[in-house]
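**Student:**
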């Protein structure tokens with residue numbers, strides 16, 4: 021899904037605005053070495069999923085909603101350090117875990133996390149991340165997504181409960197974090213590892229080129 025709202029005027033991008041409070045996404049953005057100032061500005065947005073959305077539409081629409089909310093807040097003067105007249109880019113992302121066509125969100129309790137991981141153990145699931153780049157001044161928008169297949173090891177309930185007891189699963193979609201202790205739960209992945217962490221860096225780099233932003237310059 022690519023949306024071009026207004027033509028880009030090819031002026032140099034002066035700032036990247038990360039529409040996320042996730043420390044993992046902030047760390048991944050830092051690896052891009054963009055030679056641009058990066059601001060973090062995130063808002064709570066409506067994450068209601070429409071019944072007719074496919075999984076890919078879901079992550080794209082939710083990432084777009086996050087970016088749009090931040091742009092509106094900047095327009096309303098709610099981000100004092102960011103000028104609406106700047107040639108800034110808003111970067112937003114949304115990640116879901118998919119198993120048997122069910123979207124697995126963050127667990128509501130310890131038992132919910134255990135039950136989720138019991139369903140996933142020994143099986144393959146998909147991780148989808150939607151990414152939006154939105155030019156703050158012109159409104160030009162680019163929206164894409166990436167999919168990674170993850171195969172979990174066969175796991176006993178004892179192992180799953182021991183992992184959940186670490187507390188790592190509490191704020192993770194799918195109840196595990198591949199970049200932490202959750203890595204021992206995973207047998208193999210097909211696709212982008214960083215997509216599972218929460219931000220497909222190679223896709224972001226490709227999308228930035230549309231706005232003439234070079235990575236590793």
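Residue numbers (this note's numbering): 21 to 237. Ideal Cβ placement from N, Cα and C applies to all residues, glycine included. Remember, predicted model here, so these are calculated numbers, not experimental data.
Taking C-beta to C-beta, are residue 190 and residue 107 nearer than 8 Å?
**Tutor:** Counting from 1 along the chain shown, the entry for residue 190 is found at position 170. Counting from 1 along the chain shown, the entry for residue 107 is found at position 87. No, Cβ-Cβ distance for residue 190 and residue 107 is not below 8 Å.
**Student:** Starting from residue 126, follow the beta strand (DSSP E) in both directions and report where the run begins and ends.
**Tutor:** On the chain shown, position 106 is the one that residue 126 refers to. Taken as a continuous stretch (DSSP letters only), residue 126 belongs to no beta strand (DSSP E), as it is neither H nor E.
**Student:** For the region 70-84 and the region 135-153, state whether three or more C-beta atom pairs, one from each stretch, are separated by less than 8 Å.
**Tutor:** Cβ pair count under 8 Å is three or more, so yes.
**Student:** Checking the sheet assignment: what are the DSSP bridge partners for residue 172?
**Tutor:** In the chain shown, residue 172 corresponds to position 152, counting from 1. Answer by DSSP bridge pairing, in chain order: 206.
**Student:** Over the uninterrupted beta strand (DSSP E) stretch that includes residue 149, give me the two end residues.
**Tutor:** Locating residue 149 in the chain shown gives position 129, counting from the first residue. Start and end: 144-155.
**Student:** How big is the Cα-Cα spacing for residue 221 and residue 47?
**Tutor:** In the chain shown, residue 221 corresponds to position 201, counting from 1. In the chain shown, residue 47 corresponds to position 27, counting from 1. Cα to Cα, residue 221 sits roughly 11 Å from residue 47.
**Student:** Using the C-alpha atoms, what's the distance from residue 228 back to residue 54?
**Tutor:** The residue given as residue 54 occupies position 34 in the chain shown. The residue given as residue 228 occupies position 208 in the chain shown. Their backbone Cα atoms lie some 10 Å apart in a straight line.
**Student:** Considering only residues of the region 74-108, which uninterrupted alpha helix (DSSP H) runs meet the minimum length of 4 residues and lie entirely inside it, listed in chain order?
**Tutor:** As far as the region 74-108 is concerned, its whole alpha helix (DSSP H) runs of at least 4 residues are 75-95.
**Student:** Could you spell out where the alpha helix (DSSP H) holding residue 180 opens and where it closes?
**Tutor:** Sequence index remark: in the chain shown, residue 180 carries index 160 (1-based). Its alpha helix (DSSP H) spans residues 177-184.
**Student:** Specify whether the region 83-92 and the region 53-68 touch according to this definition: at least 3 beta carbon pairs, one from each stretch, less than 8 Å apart.
**Tutor:** Yes: at least three Cβ pairs fall under 8 Å.
**Student:** Where does residue 132 fall in DSSP's three states?
**Tutor:** For the purposes of this step, residue 132 is taken as the residue at position 112 of the chain shown. It is helical.
**Student:** By DSSP, does residue 112 sit in helix, in strand, or in coil?
**Tutor:** Position 92 of the chain shown, counted from the start, is the residue given in the question as residue 112. Three-state result, residue 112: strand.
**Student:** What does residue 35 pair with, by DSSP beta-bridge criteria?
**Tutor:** Against the chain shown, residue 35 aligns to sequence position 15. Bridge partners of residue 35: 108.
**Student:** With DSSP as the reference, label residue 219 as helix, strand or coil.
**Tutor:** The residue given as residue 219 occupies position 199 in the chain shown. Three-state DSSP puts residue 219 in coil, outside helix and strand.
**Student:** Taking the continuous beta strand (DSSP E) assigned at residue 235, which residues delimit it?
**Tutor:** In the chain shown, residue 235 corresponds to position 215, counting from 1. Looking at the DSSP string, residue 235 is not in any beta strand (DSSP E), and its letter there is neither H nor E.
**Student:** How about residue 172 and residue 117: are their beta carbons less than 8 Å apart?
**Tutor:** Position 152 of the chain shown, counted from the first residue, corresponds to residue 172. Position 97 of the chain shown, counted from the first residue, corresponds to residue 117. No, the pair does not count as a contact, with Cβ atoms beyond the cut-off.
**Student:** Classify residue 41 as helix, strand or coil using the three-state DSSP reduction.
**Tutor:** Here residue 41 is taken as the residue at index 21 of the chain shown, counted from 1. Note: residue 41 maps to coil in three-state DSSP.
**Student:** Determine which residues share a DSSP beta bridge with residue 63 and list them.
**Tutor:** For the purposes of this step, residue 63 is taken as residue 43 along the chain shown, with counting starting at 1. Answer by DSSP bridge pairing: none, since residue 63 is not bridged.
**Student:** Please name the residue, chosen from 68, 34, 145, 110, that lies closest to residue 93 on a Cα-to-Cα basis.
**Tutor:** Position 73 of the chain shown, counted from the first residue, corresponds to residue 93. Minimum Cα distance to residue 93 is reached at 110.
**Student:** By DSSP's criteria, residue 166 is part of a beta bridge. Which residues make up the other side?
**Tutor:** For the purposes of this step, residue 166 is taken as residue 146 along the chain shown, with counting starting at 1. According to DSSP, which records beta bridges pairwise, residue 166 is partnered with 149.
**Student:** Check the DSSP bridge columns for residue 224 and list the partner residues they point to.
**Tutor:** What you label residue 224 is simply residue 204 of the chain shown in a count that begins at 1. For residue 224, which the question treats as bridged, DSSP gives no partner whatsoever.
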